[in-house]
Every structure is written in C-alpha cells, then in structure tokens.
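Asker: Sharing a structure here in structure tokens format.
Residue numbers (our numbering), protein chains in the order written: chain A, 726 to 1138; chain B, 355 to 697.
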C-alpha cells in the first residue's frame, strides 16, 4: 500500500509533464507482428483495447475478444502453439491457471527494453519473475445513500454489525422495505461474498502450505451467520442477484447500503440509469469489518495483462508495446471514472474513494487451488442461505466438494 | 430388402455414426477414467500492487510438464471419479445409511449431495414435463383442427411460437416477467395477497416455474406431430362412429387416441431424451440455487478458472446411462410392435 500511495502522489505531481508529453501523439508504433487480446468485458478494458489498437499500423494486425466468459476459454486459447491470443488480461484469480500450465511468459526482458522506469508497484512478480503488468485495482466496498442514512439517524457503518443496525433502523422507519443488497447470486458471486467475509477474520482458507481446506471453523461459521443476517434485509430474490442486478436495484433507489465492486462506483454515479437525487446521495466508504476485524471484510483485486508463452517474440513485443500504451496515464486520466487506475500519473475520481479506503484489505489469495474452493463455495452455500441447512453442515459440504475436486485436479492425493 | 443390399444401404450412415457418435463417446469414457497428475507445489515470493510481497504456493510448472509428457492423459483413476463425493458418492451414502435412523433423514442427507440433488430435479422434470407436453400438445392439435379453415394458418403460427423462440431468450423474457417487480410477479403478489411472494426465492416455486416453462416451450413440438397425425385419421371410421351415436369425446377417446398411439410413443421417446438433458432454463432463470440438472453439473465443471474434464466426462457417461435406462421400456415396446407387425 505504501508503494502505491507514493506512486500516486508523485504521479499527481508529474501530471503536468505527462499531459504535454502525450499531446504530440501516441508515443507508440507497432508496424509488424500481431496483437490479439483476450479479456473481460467492462469499460476500462474496452478502453485499453481501443488505445492499444491505436498503436497498430502498417503490416501489424490487431484483434480483440473481450467477453465475460474469458476465464472459461483462456487456458484452451493459450495452450496451442501459436496461441490464439498474444495477451490475456487477467486478475488475481484468473492468472493462476495460466501460471499452473506455464502458458504466460516472464516479462523481465520486455520491461527492461521498453519500460525500464516503470513503477515496480505495478509489476506482478512471482518467484522473482515479472509475470503480469497491473493497471487497475478493484475491491468490493461500501456504497451508501447519505440521505437515507441521515433520515434514519445512523452513522456510516464501519462494521457489518453497524450495517445490520442501520438496516434495521431504515426498515423500522419505513424508509425502504429491503435496505440492503449485494452480489449473492449462487455460483461465483456467492463464493466471492464468503471469501470477502472470511478474509475479514484474518484466517487462511487452507492449512498452511498444503491444499487441505480449513474453513469449517468458528471463523467460517461467523462469516456465514453474518451473510445470513444481512440477507434478511435483502430482496428475497438475492440468490439471483449478480453485480448487474444489484447495481440496477441501486440505481432504482431501492437500496440504501451495499458492499459492491469499486468498478461499479463510476457507472452508478454517472448521469445514466438513475435520478440526480440518488446519484448525489450515493457515497463510498471502506468495506466494513466483521466484528472487530482484524481485516476489512473484502479482498483486493488487481487487473493486469500477461503475454502468452506460445507465440513468437515479435508478436510478444508488439503486444507489449501496444498494451503499455493502453494502460498509460493518458488513458487513465481521460477515463478517470472507469476504474481505479494504478498508473503513476492518475488523478483519482471521487468514485475511486471506496477502493482507496479499502486498500489495506487482504489481496484475493493467488493459490493454485483457490479457484476450486471458490467454485465449491458458490455451489454448496445456497442451501444454508435458503435456510435449509446449518452453517456447520454447509461448511462441511464445501470442504467435501472441494476435496473431491482438488483430488481430481491433483492437488490432494 | 436383401441383406446385402441393406448392408450397402446402411454402410455410409453406419460409418458416420461410428465416427461422430461412437468414437467421441469412447473418448469421453476414456477421459472419465483419468484424473490430473499430482501437482508439485513450491513456495515462492509473490509481489502484487497494494498488497506487497508475500510467500505464496505455486505449481512447479517444469515438473508438471515432465509428468504430462510422460503420461498425457493424466493418472489412471479407474472408476474413482464416478464414486467420489461429487458424483455417485458411494462412501458418503453408505455412511448416511449407517448414521441415520429414518428414511426421511436419509433422503435429506442424500439430497445434500450435488449429483443426487441434480438427479432429483432432472427426473422430476422429465416425468412431469413429458406427459404434460403430450397432453397439452394433443389438446392444442384438437382445438386447431376444429377451427374453420381461414383461422387455421394463424392459429398454427401462434401455437408454434414458443418453439421458435430461442430457449435462452424465451426463458430470459419469462424470468424478467416473474421478477417480484415484473408483470407476472406483481400480479401473483396481488392475487395471493402476499407482498413477499417471490417465484425466484422459493425452491418449490422455482421448480414449478421451470416445469411450466418446459411445457410451454416443448408443447408446439407435440402439437405439430399430433396435428399432422390428425390429418390422416380415417374419415369413414369417424363417420361410422358418428352414425353409431358417439359423442365428440367418445370419438376422440375411442378412435383418434388409439389411432395416434404410435405418435405418442414417438413424442415420449424424443421428449424423455430432451427433458433429461434440461439445461437452458436453469441458466436463463438463474435457478441454480434451487434447481440443478445433470447437464448443468457438466457445464459447471467446465467453466471458471479450473476445468475438471474428468469430472465432466464422468457425469456425461452417467447421463448417457440415464437416458439409456429411461428409453429402454419405450424401445422394448417399439421392438415388440415391430415384431408383432412382422409376423
């Protein structure tokens, strides 16, 4: 975090230089090779792909496939030689399968050649090698309606116990029927909510140094009970709400407090989809803690680009140059509300406040078997959330489902 | 047909079936017997933005590549994947059997296992939707057939619409309508005088909703088949029944239905196969919290960061087995009819 703050401050100072340096053009030129990008689909990545494309001219070719299902196809797409894509844009979780199979190349030589002064804080270094270049940070944090909290006479919550108390006050005063919302859709979203809550206890999800699960304990039970208690104040359809649905509820003014992705802060406060009153009253704060903590009950995410291993060095270089242009200060400052950019000259928008306030949270675990645990959580917690199962039973089910999958994937013998 | 002529006649399609059906199934079978190699885990230092540097566990890719080169298929696991907790869960079920005292408790425990939970929905869906599709399709066919000629074209077009709409789109449209703030959801809340009623929140209502959707989307198929069949019902038999004083109901019951019985077998055959593979509505209705099917489990294994090919292959083989078991009675019946017709 310290690195990042320093980078941010020096960046703001350097802003004057940056903007003049960028005024004379793109500062990049790719005339040969091929740039083929696979990535998630949201505004920040679309912007990056568009900026990267601006560099490509002459005999060089450009293609991009930005899709929500990028995680499902990335391993298959990068396995053949030559790979289908020269770059996969990944996050904490999705870089792991690429690493497991050795499908992405170390970037040390490219960084040394083209960006020797690039801030270290943006380089994802694994085992001494640079494996990805991060460009934005993301975390689920508190969104709240200033007007409704004031009317209910409650402070901005700092813990989930406060959130429950605030929800009760809002409901008792008849201000909103379902004051809370969240991304509780069965599957990946529900799994993520549990991981956030569990990380707030400071405990690890696995036994030290092994792939054996360790969530069926008092921390897991506390996390689940809090999720259940929160859901009592949510629309009964909460198990079908992903971030699109939850953001829509927010924009419709049906919700007063939710723990939501930082990347949604810009979209819910823009001039589309909501009324000026709701937008003006929408404020952001750090993610709450679970009880006394010790950590914030959220996980920190980064998004970054990788370069495929199974491609020619020429393509790798072309892709690196184009994408470095896509993530520079000019991109960040032209679209400050699209993401919490990491580039040093970025001047944060008000929508970035929540992610900054949550920057002390634990990063989402990058362990190789983390994805299997996430899938097991998403599938096995639904019965508990519906009230058909005890927390202990749900956690035992998760561990059993995870263990069976981890055996199949070779992590547990 | 002479045997030799028959052989030559069948050869191209037989070859195609071998190539495009039998071989892929064999490869899935082989896949289901293997699991991935043991992953060699090593501790390294990771540095990420904001988080700083930490010790993390990663997979030793060189060791993994070496193992993969030696045995590309992975480790042989026999039927281990079939019997593990995420599939047939034989050990868990034996444990439940010993530890529970009543059938209800045992059933509840077994229902907690993902495979059996999915199987319960899949079978319920198959055995309720199939007859409902046949009955509804037959009723629509009778109704359309009784219309005056000038309305028939339009009526047929509208009756076919549910089948023409892409299943995913059809279920999405319905999904928005039954939202607690949607047209149907709100109406139901008013009718039942329960402002908290939500079709999406209750497992029972979700099941009913999926089955109603399944019937709605498949009924046109049964309708088309029955409607075509109705055009061939012999007029003179119907007329003689009328002369004998049979009412419309009696004519349908004693002439039309027996005449269309082979079509019922045909539709049942196709629908049993289709419904056993129910999938799109679960995704379209975001119903995975309350209802999962065997096809959905396969899909779930193959998406996300980790693809469990062995697990998906095992569930696929179990699904094929399930379809075979379901179809056996119908096929036996068809075979008997065929034998009977020949002699």
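Note that CB positions come from ideal geometry on N, CA and C, so glycine has one too.
Using only alpha-carbon positions, find the residue among A:1107, A:1129 and A:955 that is nearest to residue 696 of chain A.
Answerer: Outside the shown range of chain A (726 to 1138) lies residue 696 of chain A, about which nothing can therefore be said.
Asker: Can you look up residue 1029 of chain A in the DSSP assignment and give me helix, strand or coil?
Answerer: Counted from its first residue, the first chain places residue 1029 of chain A at position 304. It is a strand residue.
Asker: Going residue by residue through the segment 583 to 620 of chain B, where are the continuous beta strand (DSSP E) segments of at least 3 residues, counting only ones entirely within it?
Answerer: If we require 3 residues or more, the segment 583 to 620 of chain B turns out to have no beta strand (DSSP E) run fully inside it.
Asker: For chain B, is any of its Cβ atoms less than 8 Å away from the one on residue 825 of chain A?
Answerer: Residue numbering aside, residue 825 of chain A sits at position 100 when the first chain is read from its first letter. Answer yes: the Cβ-Cβ gap between residue 825 of chain A and chain B drops below 8 Å somewhere.
Asker: Measure the alpha-carbon distance for residue 1129 of chain A versus residue 812 of chain A and round it to whole angstroms.
Answerer: Taking the first residue of the first chain as position 1, residue 1129 of chain A is located at position 404. Taking the first residue of the first chain as position 1, residue 812 of chain A is located at position 87. Each residue's Cα considered, the two are about 32 Å apart.
Asker: Alpha carbon to alpha carbon, how far is residue 846 of chain A from residue 728 of chain A? Give it in angstroms, no decimals.
Answerer: The residue labelled residue 728 of chain A in the question sits at position 3 within the first chain. The residue labelled residue 846 of chain A in the question sits at position 121 within the first chain. With a pLDDT of 44 at residue 728 of chain A, under the threshold of 50, the modelled position of this residue cannot be trusted; read the value that follows with caution. Computed Cα separation, rounded: 6 Å.
Asker: May I have a chain-ordered list of the beta strand (DSSP E) segments no shorter than 3 residues that lie completely inside the segment 827 to 904 of chain A?
Answerer: Counting only runs of 3 or more, we get 848 to 851 and 854 to 870.
Asker: Can you give me the C-alpha to C-alpha distance between residue 499 of chain B and residue 447 of chain B, rounded to a whole angstrom?
Answerer: For this step, residue 499 of chain B is matched to residue 145 along the second chain. For this step, residue 447 of chain B is matched to residue 93 along the second chain. Their Cα atoms are separated by approximately 52 Å.
Asker: Please specify which runs of the alpha helix (DSSP H), each continuous and at least 4 residues long, are wholly inside the segment 621 to 665 of chain B, giving them in chain order.
Answerer: Fully enclosed alpha helix (DSSP H) runs of 4 or longer: 634 to 638 and 648 to 655.
Asker: In chain A, which residues lie less than 9 Å from residue 367 of chain B when you measure between Cβ atoms?
Answerer: In the second chain, residue 367 of chain B corresponds to position 13, counting from 1. Under the 9 Å cutoff, chain A gives no residues; its nearest Cβ is about 32 Å from residue 367 of chain B.
Asker: Helix, strand or coil: which one does DSSP assign to residue 946 of chain A?
Answerer: Stepping through the first chain from its first residue, residue 946 of chain A is reached at position 221. Looking at residue 946 of chain A - three-state DSSP - the assignment turns out to be helix.
Asker: Would you mind telling me which residues of chain A sit closer than 9 Å to residue 661 of chain B, beta carbon to beta carbon, in chain order?
Answerer: Position 307 of the second chain, counting from 1, holds the residue named residue 661 of chain B. Within 9 Å Cβ-Cβ: 797, 800, 801 and 822.
Asker: I'd like to know whether the C-beta of residue 1136 of chain A is nearer than 8 Å to at least one C-beta of chain B.
Answerer: Taking the first residue of the first chain as position 1, residue 1136 of chain A is located at position 411. Closer than 8 Å to some Cβ of chain B, the Cβ of residue 1136 of chain A qualifies, so yes.
Asker: In terms of residue numbering, what span does the beta strand (DSSP E) encompassing residue 759 of chain A cover?
Answerer: For the purposes of this step, residue 759 of chain A is taken as the residue at position 34 of the first chain. Residue 759 of chain A -> beta strand (DSSP E) spans 759 to 764.
Asker: Using a Cβ-Cβ distance cut-off of 8 Å, determine whether residue 951 of chain A contacts chain B.
Answerer: If you number the first chain from 1, residue 951 of chain A lands on position 226. Chain B contact via Cβ: absent.
Asker: Comparing the C-beta of residue 733 of chain A with each C-beta of chain B, is any distance below 8 Å?
Answerer: In the first chain, counting from the first residue as 1, residue 733 of chain A sits at position 8. Bear in mind that the predicted position of residue 733 of chain A carries a pLDDT of just 38, short of 50, making it unreliable; the figure below should be weighed with that in mind. Taking Cβ atoms only, chain B never reaches closer than 8 Å to residue 733 of chain A, which makes this a no.
Asker: Check the Cβ-Cβ distances between residue 748 of chain A and every residue of chain B, and say whether any is below 8 Å.
Answerer: Here residue 748 of chain A refers to the residue found at position 23 of the first chain. Confidence at residue 748 of chain A is low in this model, with a pLDDT of 34, below 50, so its placement is unreliable and no value can be given for it.
Asker: Taking only beta carbons into account, state which residues of the segment 1083 to 1097 of chain A come closer than 7 Å to chain B, listed in chain order.
Answerer: Flagged, chain order: 1084, 1088, 1091, 1092, 1093, 1096 and 1097.
Asker: If residue 958 of chain A and residue 940 of chain A are in contact, beta carbons under 8 Å, what's the gap, nearest whole angstrom?
Answerer: Position 233 of the first chain holds residue 958 of chain A. Position 215 of the first chain holds residue 940 of chain A. Rounded, the Cβ-Cβ distance is 25 Å, inconsistent with contact.
Asker: Residue 1016 of chain A and residue 884 of chain A - do their beta-carbons sit closer together than 8 Å?
Answerer: To locate residue 884 of chain A, count along the first chain from 1; it is residue 159. To locate residue 1016 of chain A, count along the first chain from 1; it is residue 291. Result yes, Cβ atoms of residue 884 of chain A and residue 1016 of chain A sit closer than 8 Å.
Asker: Which residue comes first and which comes last in the beta strand (DSSP E) that contains residue 410 of chain B?
Answerer: Position 56 of the second chain, counted from the first residue, corresponds to residue 410 of chain B. Note, residue 410 of chain B: beta strand (DSSP E), 406 to 413.
Asker: At a CB-CB cut-off below 8 Å, which residues of chain A make contact with residue 649 of chain B?
Answerer: Translated into positions along the second chain, residue 649 of chain B becomes position 295. Near residue 649 of chain B there are no residues of chain A at all, since even the closest Cβ is about 15 Å away, more than 8 Å.
Asker: So with Cβ pairs under 8 Å, would you call residue 629 of chain B a contact of chain A?
Answerer: In the second chain, residue 629 of chain B corresponds to position 275, counting from 1. So, not an interface residue.
Asker: Which of helix, strand or coil does DSSP assign to residue 571 of chain B?
Answerer: For the purposes of this step, residue 571 of chain B is identified with residue 217 of the second chain, where counting begins at 1. In the structure shown, residue 571 of chain B sits in a helix (DSSP, three-state: H, G or I).
Asker: Is the shortest distance between the beta-carbon of residue 927 of chain A and the beta-carbons of chain B less than 8 Å?
Answerer: Residue 927 of chain A sits at position 202 when you count from the first residue of the first chain. It does not: the Cβ of residue 927 of chain A has no partner Cβ on chain B nearer than 8 Å.
Asker: Whether or not the segment 642 to 662 of chain B and the segment 491 to 508 of chain B are in contact is what I'm after, with contact meaning three or more pairs of Cβ atoms, one per stretch, closer than 8 Å; do they touch?
Answerer: No: fewer than three Cβ pairs fall under 8 Å.
Asker: At which residue ranges does the segment 932 to 987 of chain A contain complete beta strand (DSSP E) runs of 3 or more residues, listed in the order of the chain?
Answerer: The segment 932 to 987 of chain A contains these whole beta strand (DSSP E) runs: 982 to 986.
Asker: Between the segment 460 to 468 of chain B and the segment 537 to 555 of chain B, do three or more beta carbon pairs fall short of 8 Å?
Answerer: They do not touch, by the three-pair rule.
Asker: With a threshold of 16 other CB atoms inside 10 Å of the CB of residue 1138 of chain A, please say whether the residue is buried or exposed.
Answerer: As a first step, residue 1138 of chain A must be located in the first chain, where it is residue number 413. Exposed, because fewer than 16 other Cβ atoms sit within 10 Å of the Cβ of residue 1138 of chain A.
Asker: Span of the alpha helix (DSSP H) holding residue 798 of chain A?
Answerer: As a first step, residue 798 of chain A must be located in the first chain, where it is residue number 73. Per DSSP, residue 798 of chain A belongs to the alpha helix (DSSP H) from 795 to 803.
Asker: Which residues of chain A have a Cβ atom closer than 8 Å to the Cβ of residue 658 of chain B, listed in chain order?
Answerer: Here the question's residue 658 of chain B lines up with position 304 in the second chain. Near residue 658 of chain B (Cβ distances below 8 Å), the residues of chain A are 796, 797, 913, 1096, 1099 and 1100.
Asker: Residue range of the alpha helix (DSSP H) that residue 477 of chain B falls in?
Answerer: For this step, residue 477 of chain B is matched to residue 123 along the second chain. Here the alpha helix (DSSP H) through residue 477 of chain B covers 468 to 500.
Asker: Any beta carbon from chain A within less than 8 Å of residue 391 of chain B's own beta carbon?
Answerer: Residue numbering aside, residue 391 of chain B sits at position 37 when the second chain is read from its first letter. So, interface residue.
Asker: Could you say which of B:657, B:612, B:639 and B:417 lies nearest to residue 562 of chain B if we only look at CA atoms?
Answerer: Indexing the second chain from 1 puts residue 562 of chain B at position 208. Residue B:639 is the option with its Cα nearest to residue 562 of chain B.
Asker: Please report the residue range of the beta strand (DSSP E) in which residue 1010 of chain A lies.
Answerer: Taking the first chain and counting its residues from 1, one reaches residue 1010 of chain A at position 285. Element bounds for residue 1010 of chain A: 1007 to 1010.
Asker: Is the Cβ-Cβ distance between residue 947 of chain A and residue 926 of chain A less than 8 Å?
Answerer: By 1-based counting over the first chain, the position of residue 947 of chain A is 222. By 1-based counting over the first chain, the position of residue 926 of chain A is 201. For residue 947 of chain A and residue 926 of chain A, yes; Cβs fall inside 8 Å.
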